[in-house]
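Asker: Residue numbers (this note's numbering): 44 to 119.
Structure provided below as structure tokens; questions to follow.
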């Protein structure tokens, strides 16, 4: 099998792609992960746990009416 000889443009392209790949990997590793909620929506809050998995809880909307018990201030 005959391998083609690398020209200076080929070497420059390979180096450019290697540098670009390194920048993408470093960017993904160094970006703070605190604002990520893994696509659950803005009403969810996720936090790391001691076992390594993330725990996500749904935040309650304080303005929404409660379905559990009727309000005592409601007119009778």
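For every residue, glycine included, the Cβ atom is placed at its ideal position computed from N, Cα and C.
Just list the residues that DSSP pairs residue 91 with in beta bridges.
Answerer: Answer is 97, bridged to residue 91.
Asker: Could you check what DSSP says for residue 104 in three-state terms: helix, strand or coil?
Answerer: The answer is coil: DSSP assigns residue 104 none of H, G, I, E or B.
Asker: In terms of residues, what are the limits of the alpha helix (DSSP H) holding residue 67?
Answerer: From DSSP, the alpha helix (DSSP H) with residue 67 extends over 51-73.
Asker: What residue from 72, 46, 53, 83 has the CA that sits closest to residue 101's CA?
Answerer: Comparing Cα positions, the closest option is 83.
Asker: What's the C-alpha gap between residue 91 and residue 56?
Answerer: Going by the C-alpha atoms only, they are around 40 Å apart.
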